[in-house]
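Residues 657 to 1094 in this note's numbering are what the sequence shown lists, from first letter to last. Every residue gets a Cβ at the ideal spot worked out from N, C-alpha and C, and that includes glycine. Quick notes on the structure that follows.
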Amino acid sequence: MPFEYWLFWLSNSEHSHDLLDCVSDADDGNLVVFVRLAAARLFGVYWCWQNNQEEAPETPTMSNELGIGILGCGKTSRIYFNLIPKFNGLQLRACADLNREVALVRADEFDIRAETVHDLFQAEDISVIVNLSAPDAHAMMSREILNNGKHVYSEKPFARTSAEGAAVRQHAEKLGLFVGCAPDTFMGGAPQTARKAISEGLIGEVNGATLHAMNHGMEAWHPNPDLFYKSGIGPMADFGPYFICSVLNLLGPVEQVSAMSSTPVKTRTIGQGPRKGEVFDVETPTTIHATLSVMDGPLVAFSASWDVHAHAHSAMEIYGSEGTLFLPDPVFFGGDVIRVLKDGTREVLNQENHPFGLPNFKIHGRERANYRSAGLADMANAVRLGHDFRCSMERALHTVDVIEAIQTAAATGQHVKISEMPTRPAPLSPDQAKALLR
């Protein structure tokens, strides 16, 4: 309870009279009032000190690590199973999936328990559940997790709609529980280096940016690609969180959008897995071109498409009065950040050995930096210490709001304003990143 409450209560109740017994027959009423208030303050300070002593969080150790459970053991889950054990303050203990056999395989592979979904929700040694359910079920499952008294860290998208996301937030706030959401790639070495360069004026005043998230979809390699072509998903909901979080990190929140969209191909064919050859309907636009207006900042052009076989655009380009920054794909944590000045001088910026920029795995023969679970570890610190964290629910909601606004703008041809503006996440220095790792 607040100190002011205890001060009022103690100075106006029988608890303060015990101290006044030592004051004999004081004629001066002001003296009595003064002593009563002083007694109240002493008791209040002592109570607050004692309470804080009992509840002060400790530095993460094996004894106070948060127990982590994973809900959903599909293709996306493997990276979490692999990386969660590499972070401080996290202890992966159990997993669950509607397909019990899949959960058993993952549990055996990573030496943890396989639970039913119900038992995972009830497990007393689990504090945080990583929500890797189907994209269109994220909000619903997050609420169920909260209902069972667990904190939630959700894979993106946080929700299909702003209304869904707001309902999760209201529920979490009512229950006093933490909710975080991917992506956490903006915590990587490359985006943090770019942020530092912008803040130090290395390209002058920022006056524009372009984002390109374009390929030919995932039906050639994903066993269940139809989930991503459902209404409300598509390339903007899939790619958008990475890029919008990057804009928030580098430039600030988006306050207004306009957009146009199309669906050139109405059906897709699954290319591998047990459903290979199955044809499914496309229920969402697969090409979207949007313009984002950053609060107190520049205009940003954003193209997202699953109808492109090849292109030569950089994933992100930030334009300034003195030069340009070329950034790597924000789906990953690392990659080169290149600065080109107006005189043509070109350099790769030094990432100062940022731990989250160092390559740690290979994909398609290329070394990449992948530190997914950094946001989860940052949230775990917040759970213990009670402070803000970078992959917060408010920032995840902003991403959903922007994506929904883009979809609405594309459907109506109108400019759409964003109602809520979150703060930018705190920067992450190399030392801070190192502290998150074991």
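Query	Result
With 16 other Cβ atoms within 10 Å as the buried cut-off, status of V1004	exposed
Start-end ranges of the alpha helix (DSSP H) lying completely within the segment 889 to 923, minimum 4 residues	890 to 906
S949 versus H868 - alpha carbon distance	16 Å
Buried/exposed call for K1112, threshold 16 Cβ in 10 Å	With the chain represented from 657 up to 1094, any question about residue 1112 goes unanswered, as that position is not in the structure.
Start and end residues, beta strand (DSSP E) containing M972	M972 to G976
Inter-residue Cα distance where the pair is P813 and L802	17 Å
N744, enclosing beta strand (DSSP E) - first and last residue	Careful: N744 lies outside any beta strand (DSSP E) and carries neither H nor E.
Proximity winner among D882, E973 and A838, relative to D898 (alpha-carbon distances)	The residue you asked about is not Asp; residue 898 is Tyr in the sequence shown. Nearest of D882, E973 and A838 to Y898, Cα basis: A838.
Any chain C beta carbon closer than 8 Å to L754	The structure shown contains no chain C; it holds only a single protein chain.
Endpoints, the alpha helix (DSSP H) within which R609 is located	Given that the chain is displayed from residue 657 to residue 1094, the structure contains no residue 609 and the question cannot be resolved.
Touch test, the segment 971 to 991 against the segment 854 to 863, Cβ-Cβ under 8 Å, three pairs minimum	yes
Residues near P891 in its chain [Cβ-Cβ closer than 7 Å; skip 5 each side]	A869, T942, I944, A960, S961 and W962
Inter-residue spacing [alpha-carbon to alpha-carbon] between Q1007 and G1013	7 Å
Residues bridged to A1036 (per DSSP)	Partner(s): none; A1036 has no beta bridge.
Coarse secondary structure for F989, derived from DSSP in three states	coil
Those residues which DSSP pairs with E1023 across a bridge	K1018
Cβ pair count under 8 Å reaching 3, the segment 745 to 753 against the segment 1022 to 1040	yes
I782 in three-state terms, based on DSSP	coil
Simplified DSSP state of L675, which is helix, strand or coil	Here L675 scores only 30 on pLDDT, less than 50, and its place in the model is too uncertain to base an answer on.
Start-to-end residues for the alpha helix (DSSP H) that takes in L1092	P1086 to L1092
DSSP bridge partner residues for L722 (one or two, in chain order)	L746
Best match in A750, A793, S810 and R995 for proximity to T772 [C-alpha to C-alpha]	A750
Residues bridged to V938 [DSSP beta-bridge criterion]	BP columns for V938 are empty, so no partner.
Backbone CA spacing between G805 and T1001 [nearest angstrom]	55 Å
L1093 classed as buried or exposed, judged by whether at least 16 other C-beta atoms fall within 10 angstroms	exposed
Close beta carbons around A779, own chain, < 7 Å, minus the five adjacent residues each side	G725, A750 and E771
In DSSP terms, what H807 is bridged to	V784
Within 8 Å, strictly: CB atoms of L1032 and G832	no
For P847 and L953, the rounded distance between their alpha carbons	A small correction: the amino acid at residue 953 is Gly; Leu does not occupy that position in the sequence shown. Each residue's alpha carbon lies about 18 Å from the other.
For C751, the residue or residues it bridges with in DSSP	I726 and A770
Euclidean distance between Cα positions of S1085 and K852	10 Å
Helix, strand or coil at R816 [DSSP, three-state]	coil
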